[in-house]
Amino acid sequence: MLGRLSSEPFLDMATYSFDVVSDFDRQELVNALDQVRRDVGQRYDLKDSNTEIELTESEVLITTASDMTLQAVEDVLRAKATKRNLSLKIFDFQTPEAVGGSRVKQVVRLRKGLSQEIAKKLSKSVRDELKKVTVAIQGESLRITGKNKDDLQAAIQLVKSKEDDLEVPLQFENYR
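If you're matching positions, the sequence shown starts at 1 in the UniProt record's numbering and goes up one per residue.
Right under this line is the structure:
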(Lines of atoms letter the chains of each structure in order from A and count residues from 1; the text may use other names and numbers.)
(Lines give C-alpha, C1' and ligand atoms only; values in the text may rest on other atoms or scores of the structure.)
Protein backbone atom coordinates (compact mmCIF):
# COMPACT_ATOMS: atom_id res chain seq x y z
CA MET A 1 0.00 0.00 0.00
CA LEU A 2 2.33 2.63 -1.17
CA GLY A 3 1.34 6.22 -0.72
CA ARG A 4 -1.16 5.58 2.04
CA LEU A 5 -1.00 8.32 4.65
CA SER A 6 -1.20 7.52 8.30
CA SER A 7 -4.25 8.72 10.14
CA GLU A 8 -1.91 10.02 12.82
CA PRO A 9 -1.42 13.78 12.65
CA PHE A 10 2.11 14.82 11.90
CA LEU A 11 3.94 15.18 15.19
CA ASP A 12 6.49 17.95 15.09
CA MET A 13 9.59 16.74 16.86
CA ALA A 14 10.37 20.04 18.50
CA THR A 15 13.83 20.58 19.83
CA TYR A 16 14.63 22.68 22.83
CA SER A 17 17.86 24.46 23.57
CA PHE A 18 19.69 26.84 25.86
CA ASP A 19 23.03 28.61 25.91
CA VAL A 20 25.69 28.40 28.61
CA VAL A 21 27.50 31.73 28.84
CA SER A 22 29.82 33.55 31.20
CA ASP A 23 28.83 37.17 31.51
CA PHE A 24 28.01 39.85 34.06
CA ASP A 25 25.73 42.84 34.29
CA ARG A 26 28.00 45.75 33.36
CA GLN A 27 25.64 48.36 34.83
CA GLU A 28 25.70 46.56 38.18
CA LEU A 29 29.51 46.63 38.03
CA VAL A 30 29.44 50.39 37.31
CA ASN A 31 27.08 50.87 40.28
CA ALA A 32 29.29 48.74 42.55
CA LEU A 33 32.39 50.75 41.56
CA ASP A 34 30.51 54.01 42.29
CA GLN A 35 29.70 52.67 45.76
CA VAL A 36 33.34 51.66 46.27
CA ARG A 37 34.49 55.18 45.33
CA ARG A 38 31.98 56.69 47.78
CA ASP A 39 33.05 54.35 50.59
CA VAL A 40 36.74 55.02 49.96
CA GLY A 41 36.10 58.77 50.07
CA GLN A 42 34.26 58.51 53.40
CA ARG A 43 36.29 55.94 55.34
CA TYR A 44 38.75 57.59 57.71
CA ASP A 45 41.50 55.05 56.95
CA LEU A 46 41.12 55.46 53.16
CA LYS A 47 40.05 59.09 52.84
CA ASP A 48 43.55 60.51 52.34
CA SER A 49 44.85 57.61 50.21
CA ASN A 50 44.12 59.44 46.93
CA THR A 51 42.62 56.25 45.54
CA GLU A 52 41.59 56.21 41.88
CA ILE A 53 39.31 53.53 40.44
CA GLU A 54 38.93 53.42 36.67
CA LEU A 55 36.78 51.06 34.60
CA THR A 56 37.83 50.24 31.04
CA GLU A 57 36.22 47.81 28.62
CA SER A 58 38.00 44.75 29.98
CA GLU A 59 39.52 45.72 33.34
CA VAL A 60 39.35 47.81 36.49
CA LEU A 61 42.42 49.86 37.43
CA ILE A 62 42.95 50.69 41.10
CA THR A 63 45.71 53.13 42.04
CA THR A 64 46.21 53.91 45.72
CA ALA A 65 48.71 54.93 48.40
CA SER A 66 50.01 51.56 49.68
CA ASP A 67 49.58 47.80 49.72
CA MET A 68 47.54 48.11 52.91
CA THR A 69 45.03 50.56 51.40
CA LEU A 70 44.93 48.47 48.22
CA GLN A 71 43.89 45.44 50.28
CA ALA A 72 41.16 47.49 51.98
CA VAL A 73 39.87 48.76 48.60
CA GLU A 74 39.81 45.18 47.24
CA ASP A 75 37.79 44.08 50.28
CA VAL A 76 35.28 46.90 49.72
CA LEU A 77 35.08 45.99 46.01
CA ARG A 78 34.35 42.35 46.83
CA ALA A 79 31.67 43.33 49.37
CA LYS A 80 29.92 45.77 47.03
CA ALA A 81 30.02 43.33 44.10
CA THR A 82 28.52 40.58 46.26
CA LYS A 83 25.71 42.88 47.42
CA ARG A 84 24.88 43.61 43.77
CA ASN A 85 24.76 39.90 42.89
CA LEU A 86 27.96 40.00 40.85
CA SER A 87 29.98 36.80 41.05
CA LEU A 88 33.47 37.34 42.46
CA LYS A 89 34.70 34.99 39.71
CA ILE A 90 34.46 37.87 37.21
CA PHE A 91 37.47 39.51 38.90
CA ASP A 92 40.95 38.32 37.93
CA PHE A 93 43.25 40.19 40.32
CA GLN A 94 46.73 40.66 38.84
CA THR A 95 49.90 41.22 40.85
CA PRO A 96 50.04 44.80 42.20
CA GLU A 97 52.88 46.94 40.88
CA ALA A 98 54.62 50.03 42.23
CA VAL A 99 53.96 53.21 40.22
CA GLY A 100 56.22 55.81 41.80
CA GLY A 101 56.56 57.08 45.31
CA SER A 102 54.90 54.57 47.59
CA ARG A 103 51.83 54.26 45.33
CA VAL A 104 50.66 50.94 43.92
CA LYS A 105 48.51 50.00 40.95
CA GLN A 106 46.30 46.93 40.75
CA VAL A 107 44.93 45.68 37.44
CA VAL A 108 41.76 43.63 37.82
CA ARG A 109 40.85 41.89 34.58
CA LEU A 110 37.17 41.21 33.99
CA ARG A 111 36.36 37.65 32.94
CA LYS A 112 33.69 37.42 30.30
CA GLY A 113 32.91 34.59 27.90
CA LEU A 114 33.91 30.95 27.93
CA SER A 115 37.47 30.26 26.81
CA GLN A 116 37.92 27.47 24.26
CA GLU A 117 39.51 25.31 26.96
CA ILE A 118 36.54 25.69 29.36
CA ALA A 119 34.00 25.26 26.55
CA LYS A 120 35.67 22.02 25.41
CA LYS A 121 35.84 20.72 28.98
CA LEU A 122 32.13 21.41 29.61
CA SER A 123 31.15 20.07 26.19
CA LYS A 124 33.00 16.80 26.74
CA SER A 125 31.54 16.40 30.22
CA VAL A 126 27.95 16.89 28.99
CA ARG A 127 28.45 14.59 25.97
CA ASP A 128 29.99 11.84 28.13
CA GLU A 129 27.23 11.87 30.75
CA LEU A 130 24.10 12.76 28.75
CA LYS A 131 23.58 10.91 25.47
CA LYS A 132 20.25 12.54 24.54
CA VAL A 133 21.54 16.09 24.12
CA THR A 134 23.89 17.66 21.60
CA VAL A 135 26.46 20.27 22.48
CA ALA A 136 27.92 22.87 20.13
CA ILE A 137 30.61 25.42 20.94
CA GLN A 138 29.57 28.79 19.52
CA GLY A 139 32.30 31.35 20.02
CA GLU A 140 32.34 32.16 23.73
CA SER A 141 29.23 30.13 24.60
CA LEU A 142 27.86 26.59 24.47
CA ARG A 143 24.54 25.67 22.85
CA ILE A 144 22.93 22.56 24.31
CA THR A 145 20.03 21.09 22.33
CA GLY A 146 17.67 18.21 23.05
CA LYS A 147 14.27 16.81 22.12
CA ASN A 148 13.11 16.63 25.73
CA LYS A 149 13.00 19.47 28.27
CA ASP A 150 13.84 17.01 31.05
CA ASP A 151 17.11 16.18 29.29
CA LEU A 152 17.94 19.90 29.18
CA GLN A 153 17.14 20.24 32.88
CA ALA A 154 19.54 17.35 33.55
CA ALA A 155 22.16 19.14 31.43
CA ILE A 156 21.68 22.37 33.43
CA GLN A 157 22.13 20.46 36.70
CA LEU A 158 25.24 18.75 35.36
CA VAL A 159 26.79 22.04 34.21
CA LYS A 160 25.94 23.69 37.56
CA SER A 161 27.70 20.85 39.38
CA LYS A 162 30.86 21.55 37.35
CA GLU A 163 30.79 25.33 37.97
CA ASP A 164 32.71 25.16 41.27
CA ASP A 165 35.73 23.74 39.40
CA LEU A 166 35.76 26.64 36.92
CA GLU A 167 37.25 30.10 37.37
CA VAL A 168 34.33 31.78 35.57
CA PRO A 169 30.68 32.23 36.56
CA LEU A 170 28.07 30.52 34.35
CA GLN A 171 24.62 31.63 33.29
CA PHE A 172 21.94 29.93 31.24
CA GLU A 173 20.22 31.96 28.52
CA ASN A 174 17.77 31.57 25.63
CA TYR A 175 16.01 28.56 27.16
CA ARG A 176 13.40 27.54 24.61
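Ideal Cβ placement from N, Cα and C applies to all residues, glycine included. Please read these numbers as outputs of a predicted model, since none were measured by experiment.
With 16 or more neighbouring CB atoms inside 10 Å of its own CB, Gly146 falls in the buried class. Counting along the chain, the unbroken beta strand (DSSP E) around Arg143 starts and ends at Ser141 to Gly146. Under the DSSP definition of a beta bridge, Ile62 partners with Ile53 and Gln106. For the 8 angstroms CB-CB criterion, Val21 and Ser141 form a contact. Take the alpha-carbon of Glu163 and the one of Phe18: they are about 16 angstroms apart. The C-alpha of Gly100 lies about 14 angstroms from the C-alpha of Ser49. In the DSSP assignment, Val20 falls within the unbroken beta strand (DSSP E) covering Tyr16 to Val21. For Gln71, there is no enclosing beta strand (DSSP E); the residue is part of the alpha helix (DSSP H) that begins and ends at Asp67 to Lys83. When secondary structure is reduced to three states using DSSP, Asp92 falls in the strand class. Ranked by how close their Cα comes to the Cα of Val159, the residues Lys120, Phe24, Gly41 and Ala72 have Lys120 in first place.
DSSP places Glu28 in the uninterrupted alpha helix (DSSP H) bounded by Arg26 to Gln42. A direct Cα-Cα distance of roughly 19 angstroms separates Ala72 from Ile90. Under the three-state reduction of DSSP output, Val168 falls in the coil class, being neither helix nor strand.
Burial of Lys80 is indicated by the presence of at least 16 other C-beta atoms within 10 angstroms of its C-beta. For Val126, the enclosing alpha helix (DSSP H) has its first and last residue at Gln116 to Glu129. Separation of the CB atoms of Asp23 and Gln138 is rounded to 14 angstroms, and the pair is thereby denied contact status at 8 angstroms. Within the same chain, and ignoring the five residues on either side of Asp39 in sequence, the residues whose Cβ sits closer than 6 angstroms to its Cβ are Val76. Within the same chain, Cβ atoms closer than 8 angstroms to the Cβ of Val36 are found at Ile53, Val73, Val76, Leu77 and Lys80, the five residues on either side in sequence being excluded.
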